[in-house]
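Student:
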Amino acid sequence: MTYVPNTQADRESMLEAIGVGSVEELFHDIPSDLRQPALHLPPALTEMELVAQLRAMAETNADLDHNACFLGGGAYHHFVPSLVGQLVSRQEFYTAYTPYQAEVSQGTLQAMFEFQSLICDLTGMDVANASHYDGAAALAEAALMAVRITGRERIAVASAIHPEYRTTLQTYARPLGLTVETAPAMPPGDLSDYACLIVQQPDFFGRLQQMGGLADLVHQAGALLVASVDPISLGLLKPPGDYGVDIVIGEGQPLGLPVSFGGPYLGLFACRQAHIRQMPGRIVGETVDSRGERGYTLTLQAREQHIRRERATSNICTNQALAALTATVYLAAMGRQGLRQVARLCYHKAHYAADRISALPGFSLAFNAPFYKEFAVRCPLAPAELNRRLLERRMIGGLDISDLVEGGWLVCVTEMNTRQQIDSLVDALAEVTR
Amino acid sequence: MKEGLLSELSAPGRQGVMLPDLDVPEAALLPESFLREDLPLPELSQVDVVRHFVRLSQENFAIDTVFYPLGSCTMKYNPKVNEEVARLSGFSQVHPYQAQETVQGALRLLYDLQEYLAEITGLASTSLQPAAGAQGELTGMLMIRAYHEAKGQGHRKRVLVPDSAHGTNPSSAAMAGYQVVSVGHDSEGDVDLTQLRELMGPDLAGLMLTNPNTLGLFERHIVEVCNAVHEAGGLVYGDGANLNAILGWAKPGDLGFDVMHLNLHKTFSTPHGGGGPGAGPVCCRDFLAPYLPGPVAVRDGDGRYTLRQPAEAVGRVRSFYGNFLVLVRAYAYIRSLGPEGLRQVAENAVINANYLQTRLDDAYQVAFPRRCMHETVLSASRQKAHGVRAWDIAKRLIDYGFHPPTVYFPLIVHEALMVEPTETESKDTMDAFVAAMLAIAREAEEDPALVQGAPRSTRLGRLDEVTAARKPRLCWG
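Keeping their order, the protein sequence lines are chains A and B.
This note's numbering numbers the first residue of the first sequence as 1 and each following residue consecutively.
This note's numbering numbers the first residue of the second sequence as 1001 and each following residue consecutively.
1. Per DSSP, I396/A is paired with what?
2. Excluding the five sequence neighbours on either side, which residues of its own chain have a C-beta within less than 8 Å of the C-beta of W1391/B, listed in chain order?
3. According to DSSP, simplified to helix, strand and coil, what is W409/A?
4. Alpha carbon to alpha carbon, how far is V1094/B from I1412/B?
5. Using beta-carbon positions only, say whether G267/A and A137/A come within less than 8 Å of one another.
6. Under a three-way DSSP split, which group does L325/A fall into?
7. What are the uninterrupted segments assigned as alpha helix (DSSP H) that are 4 or more residues long and contained completely in the region 1316-1397 of chain B, given in chain order?
8. Is the region 147-161 of chain A close to the region 178-194 of chain A, with three or more CB pairs under 8 Å?
9. Using a Cβ cut-off of 8 Å, pull out every chain A residue sitting near E1003/B, in sequence order please.
10. How is D203/A classed by DSSP in three states: helix, strand or coil?
11. Provide the residue span of the beta strand (DSSP E) that contains H1261/B, from first to last.
12. To the nearest angstrom, how far is the alpha carbon of H162/A from that of A270/A?
13. Indicate whether at least one CB of chain A lies closer than 8 Å to the CB of V1464/B.
14. Rounded to the nearest angstrom, how far is the Cβ of H1403/B from that of V1081/B, given a contact under 8 Å?
15. Tell me, please, whether the CB atom of F1287/B is closer than 8 Å to any CB atom in chain A?
16. Can you find at least 3 beta carbon pairs, one from the region 43-59 of chain A and one from the region 1010-1021 of chain B, that sit closer than 8 Å?
17. Is it the case that the Cβ atoms of L109/A and P99/A are separated by a distance below 8 Å?
18. Check whether the Cβ of M334/A lies closer than 8 Å to any Cβ atom in chain B.
19. In the region 55-116 of chain A, which residue ranges form an unbroken alpha helix (DSSP H) of at least 4 residues, counting only runs that do not cross its ends?
20. For K1251/B, return the contacting residues in chain A, with the cut-off set at a CB-CB distance below 9 Å.
21. What residue from L1235/B, G1275/B, L1006/B and P1212/B has the CA that sits closest to K1251/B's CA?
22. By the 10 Å Cβ neighbour count, where 16 or more other Cβ atoms means buried, how is M1018/B classified, buried or exposed?
23. Scan the region 1297-1313 of chain B for residues whose Cβ lies nearer than 8 Å to a Cβ of chain A and list them as they occur along the chain.
24. The region 1415-1436 of chain B: which residues have C-beta closer than 9 Å to a C-beta of chain A, in chain order?
25. Tell me the DSSP secondary structure of D1192/B in three-state form.
26. Distance, Cα to Cα, I422/A vs R389/A?
27. I want to see whether chain A comes within less than 8 Å of F1268/B, judged by CB atoms only; does it?
28. Is the separation between the beta-carbon of I1246/B and that of L41/A shorter than 8 Å?
29. Is S1125/B buried or exposed, if buried means 16 or more other CB atoms sit within 10 Å of its CB?
30. For S1285/B, list the residues DSSP reports as bridge partners.
31. Give me the DSSP bridge partner(s) of N1060/B.
32. Identify the continuous alpha helix (DSSP H) that holds Y265/A and give its terminal residues.
33. Pull up the CB-CB distance for T1492/B and G1216/B, whole angstroms please, since I reckon it's below 8 Å.
34. Quick one: what's got a C-beta closer than 6 Å to L64/A's C-beta in the same chain, skipping five residues either side?
35. Could you work out which residues of chain B lie near K349/A, taking near to mean beta carbons separated by less than 7 Å?
36. Looking at G107/A and N1078/B, is the spacing between their C-beta atoms short of 8 Å?
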C-alpha cells in the first residue's frame, strides 16, 4: 500500500523545478557507501491482507469481551459508554497536534481546560495539568517536583504503592542522586529530611488507610504529601484535597480507556495553587482574544523544555492528550450521578465477592482492613495454578501476588462483573480446590 | 459558534448514561471519614455531551481537514485501517497482567516490531516501553550512563548538545544527571567540527544529535562527528524525530549512532491526538542491549513469546510495556508499506520539501541555502523589515486555510518558519501553499497591517497569552 499522492509525472516536474536530474541527487549528503542499504522487512500488504493477518494475531489473545475479568493491579476493566469512542474518534481531535496555534485549536484547548477542571473537581485540588504519560511516570515526576520545592533529596514511600510505580520512581531518582526509602506505616516517622511522603489510596492491595492527621505530620516536618489515587474510587471516597495532599497523581485509564495490554493510559497530575510554577507538563489557561472574547491557550510555558531547555521542570513534550480527551468525555457523560453509581457498584460487588470467597474452605482475606474494589486473598492453591483452572472456564483470575503475600491472590471486581459472574467464580474456586 | 463550558451546560438531575441496578446485597458502608460529601461533576444529557464535543472538534484544524506543515512534527496522513486494527478486541480488551500464554498474539506483535525497528535503524535491540520521544531520550541517556558506570567511567558527566537541538535533548540529559554543553554550527548548518573536537575530553559522556538536524539538513560530517565522540570514549545518542527523511536511505546504526529513539507518531503515522499519545521506542547497539528498560518481548527456541527484563536494565520508565495500541498502529503501517514503501516515504517527503524551498526562495530567506531533506527552514527576516514577523505570517496562513508551520524554532534561525510537508501531500497542495506564502510576502510589503492583524477568518482573534500567564485561570472553579 502507498499513501503517497504524487504521480510519476508530478515527481518529474517537481524534480525539474528543483533542478536535479534524479531523486538520488537529493540524498547526496548521505555518504555514498552508506546510502540505500538493504532493508530486510516483510513485503507490503494490501488493506485486505493486513486486516486478515492482524485479526488472526488478535484472535490468539484471550480478551475481556469473551472472558470474565477479575484482574486489576493498576489496569481496570470498566464500562465505556459508546459515545466516548465515537466522539474521541472525531478526526478533528484525532489528527491535530499540540495546540501551539490557539486560534485553530480551540476545540482541543477548551477540552483540555475542561479536563483540568474535572480533575480538580474530582480530586479537590486547585490545578491540574493537561496529562502525563501514565500513573507511574506521573508519580516519578511528582517526587521530582517535591524535591525542587523543598530542596531535599530523600523521598519516602509507603510500602504498599504499586511495585511498578516504585521501580519507575527509582529509575527517575537514581541519576539525580536522590534516595527512595520505604516509610514505616502510620505514623510515618521523622520526615524532616525528606522532600515528600508518597502514599497510595486505595493501596496496591486495595486497602484504604485513615488519612486524618497524616498531612499535618508531613507538613510539620516541612515535607509534602503526595497521593496516588484511583479516579473511579473518588466517586465515593473523600477527595485527597480534603485530607491535605499537596500533589495528587493517578492512573486515569479507568476513565473511559480500555485496558489495551497496558497503554496508552493517562497520567493524572494535580497540585496546590502555590506550586503551579513547579508543575511539569502542559497547562491550558483561560484568556481573551483581541476582541475581548473568552478563549483558551497553552500557558505558563516558561516551565517547559522548549523554552527553558536543561533548566525545565521536565523534559515532557508529547503527552497523552487524546487519553485526556477520552477522560473528559467519559466524565461528562457519566456526570455526577453516573460516576457515583459506578463507584458504588464496584464497592458493593467487590464486598459481595470477598464475603463469598473468604467463606470457602481454605480461602481467607489476607488483610483485616477496609477496602474498595480490590482485595487480597490467601488461597489453598498456587494462584498461578488457580488462574490456569479458571481460564478453562473463561475467567481471567486475580493477580498472583504470592511473591508479596504468601499464597496471595489480588482480586478485582468492578461494575462489569455481574452477580452471575461472581457466583460462577466462587463455584469454580470451590470446585478446583475441592 | 461560541460553545459554553461543560459546567455552564450542566443542570441538576440530567443524566447521560444509566447503569444497571445493584444485583448483589449491599455491603456495610465505609466509616464516614472515608467518604466524600459532594461530587461536584457536571450533569448533562447524552445529546448535550455529543453536541458539545462535536462542536468543539469543529474549532480545530487537523490533518484530515487541512495541510498541516508543522515542522519537526511530521504531520503525515494517518491511515484509517490502522485505527480499525487497533480497536480489535484481541488488542484493546487484553489486560497487561494476563498470563503470557493468553497473550501470545500481542507478544508476537511486540517482538516483531522490536525486530523491524532494529532493522530500520541498523541497530541490534529495541525496547518499546518509552511513552513518547522525550521519554525515549531520557531512557537512552540513562543507558549511556549505566554503560559508563559499569565500565568504571562514572566520572563522565558532560553531554554535548548542538545549539539547533530540540529543547527536549538538553532537558532529558539534565534529567539523566548530566551537565549539558552546547555545540555550535558552521556556516553551512552542520555541527561545527572544530568546536566539537575542542570539547572532547575525559569527562565526555556523549553527544545527542538529530540527523537530519532541525534545520532539515543532513549532517555531512556525521561519520567524523561520531568517530570523534567514540575516540574520546563517548557514545552518540540519536534523536529520531526526523527519521522520516532517511527511511530506507540510510540506517543511523551505519552512520555511527549507538542508541536512539523513534517517534512512532511522526515517522510511523500514528495519530498525534491533539498532543499525544505517541510512542518513543529506543533502539541500541549490542553492547547497550543489557541496559534497555524492560520488559522486552523475546522468542524462545520453541517459538513461544515471553516478556523478559534485560540483565542490567536501567529500570522501567513507566508501567507495563509501552503505549501498546500505538505500537499496533505502527506495526500495521510498516507491514502495509513494506521496505519499498518506506523508501518511497523518504523520497517523496524530501522531494516535497525541496520543491517548497525552491518555489519560496525568491520571496523568503532560506536559512541555509542548500538542498534540504524532509523540511525547510525559512526566515522572515525580509518581511521583518516591513514590521511583519514570522508569528504574523503564521497567523495569516490560517486565513488562507493552512495550519501554520513551526515558528521561532530552531532557535538559531532569526524569525524561523519551519515547514515540513511530508510525503502524503500532493504537488497540488504544495502549489496552493506556495501561492498563499507568495501572496503573504506581497501583503507584507504592501499592507503589513493586514498580516499583523491576522487571523480574521477564525471565531476568535489572537489570544492574549501574556495575561493568560500573568493571571493564570486554569480551571472553572
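The C-beta atom is built at its ideal place from N, Cα and C for all residues, glycine as well.
Please read these numbers as outputs of a predicted model, since none were measured by experiment.
Tutor: Considering the structure as presented:
1. What you label residue 396/A is simply residue 396 of the first sequence in a count that begins at 1. The secondary-structure analysis by DSSP pairs I396/A across a beta bridge with C69/A.
2. Numbered from its first residue, the second sequence carries residue 1391/B at position 391. Correct list, in chain order: V1407 and Y1408.
3. Mapped onto the first sequence, residue 409/A falls at position 409. It is a strand residue.
4. Here residue 1094/B refers to the residue found at position 94 when the second sequence is read from its first residue. Here residue 1412/B refers to the residue found at position 412 when the second sequence is read from its first residue. CA-to-CA, the gap between V1094/B and I1412/B works out to about 47 Å.
5. In the first sequence, the residue the question calls residue 267/A occupies position 267. In the first sequence, the residue the question calls residue 137/A occupies position 137. Closer than 8 Å, so yes.
6. Here residue 325/A refers to the residue found at position 325 when the first sequence is read from its first residue. Three-state DSSP puts L325/A in a helix.
7. The region 1316-1397 of chain B is shown to contain whole alpha helix (DSSP H) runs of 4 or more residues at 1324-1360 and 1381-1384, in chain order.
8. With the rule of 3 Cβ pairs closer than 8 Å, the region 147-161 of chain A counts as touching the region 178-194 of chain A.
9. Position 3 of the second sequence, counted from the start, is the residue given in the question as residue 1003/B. In chain order: Q110.
10. Position 203 of the first sequence, counted from the first residue, corresponds to residue 203/A. Residue state, collapsed to three classes: coil.
11. Indexing the second sequence from 1 puts residue 1261/B at position 261. Segment V1259 to L1262, the beta strand (DSSP E) holding H1261/B.
12. Mapped onto the first sequence, residue 162/A falls at position 162. Mapped onto the first sequence, residue 270/A falls at position 270. Distance from the CA of H162/A to the CA of A270/A, rounded to the nearest whole angstrom, comes to 19 Å.
13. Indexing the second sequence from 1 puts residue 1464/B at position 464. Note that residue 1464/B is Asp in the sequence shown, not Val. Chain A contact via Cβ: present.
14. Position 403 of the second sequence, counting from 1, holds the residue named residue 1403/B. Position 81 of the second sequence, counting from 1, holds the residue named residue 1081/B. Their Cβ separation, rounded to whole angstroms, is 24 Å, which puts H1403/B and V1081/B out of contact at 8 Å.
15. Locating residue 1287/B in the second sequence gives position 287, where the first residue counts as 1. No, F1287/B lies away from the interface with chain A (no Cβ there is under 8 Å from its Cβ).
16. With the rule of 3 Cβ pairs closer than 8 Å, the region 43-59 of chain A does not count as touching the region 1010-1021 of chain B.
17. Here residue 109/A is taken as the residue at index 109 of the first sequence, counted from 1. Here residue 99/A is taken as the residue at index 99 of the first sequence, counted from 1. Taking 8 Å as the cut-off, the beta carbon of L109/A is found closer than this to the beta carbon of P99/A.
18. The sequence position of residue 334/A within the first sequence is 334, counting from 1. The Cβ of M334/A sits closer than 8 Å to at least one Cβ of chain B.
19. 82-88 and 91-94, all fully within the region 55-116 of chain A.
20. Here residue 1251/B refers to the residue found at position 251 of the second sequence. Going along chain A in sequence order, the residues near K1251/B (Cβ under 9 Å) are L34, P37 and L39.
21. Taking the second sequence and counting its residues from 1, one reaches residue 1251/B at position 251. Among L1235/B, G1275/B, L1006/B and P1212/B, the Cα nearest to that of K1251/B belongs to P1212/B.
22. The sequence position of residue 1018/B within the second sequence is 18, counting from 1. By the neighbour-count criterion, in which a residue is buried when 16 or more other Cβ atoms sit within 10 angstroms of its Cβ, M1018/B is exposed.
23. Listed in sequence order: no entries.
24. Answer in chain order: E1423, T1424, E1425, S1426, K1427, D1428, T1429 and M1430.
25. Walking along the second sequence from the start, residue 1192/B turns up at place 192. Three-state DSSP puts D1192/B in coil, outside helix and strand.
26. Along the first sequence, read from residue 1 onward, the residue named residue 422/A stands at position 422. Along the first sequence, read from residue 1 onward, the residue named residue 389/A stands at position 389. Cα to Cα, I422/A sits roughly 16 Å from R389/A.
27. The sequence position of residue 1268/B within the second sequence is 268, counting from 1. So no, F1268/B is outside the interface.
28. Reading the second sequence from its first residue, position 246 is the one you call residue 1246/B. Reading the first sequence from its first residue, position 41 is the one you call residue 41/A. No, Cβ-Cβ distance for I1246/B and L41/A is not below 8 Å.
29. Counting from one through the second sequence, the residue named residue 1125/B turns up at place 125. With 16 or more Cβ atoms within 10 Å of its Cβ, S1125/B is classed as buried.
30. By 1-based counting over the second sequence, the position of residue 1285/B is 285. Note that residue 1285/B is Arg in the sequence shown here, rather than Ser. Per DSSP, none; premise fails for R1285/B.
31. Your numbering for residue 1060/B matches position 60 in the second sequence. Per DSSP, S105/A.
32. Locating residue 265/A in the first sequence gives position 265, counting from the first residue. Premise fails: Y265/A is in no alpha helix (DSSP H) and is neither H nor E.
33. Chain B is shown only over 1001 to 1477; residue 1492/B falls outside these bounds and no answer can be derived.
34. Translated into the one-based positions of the first sequence, residue 64/A becomes position 64. For L64/A, where only same-chain residues beyond five positions count, the Cβ hits under 6 Å are H77.
35. As a first step, residue 349/A must be located in the first sequence, where it is residue number 349. One finds V1024 in chain B with Cβ atoms closer than 7 Å to the Cβ of K349/A, taken in chain order.
36. On the second sequence, position 78 is the one that residue 1078/B refers to. On the first sequence, position 107 is the one that residue 107/A refers to. The beta carbons of N1078/B and G107/A sit no closer together than 8 Å.
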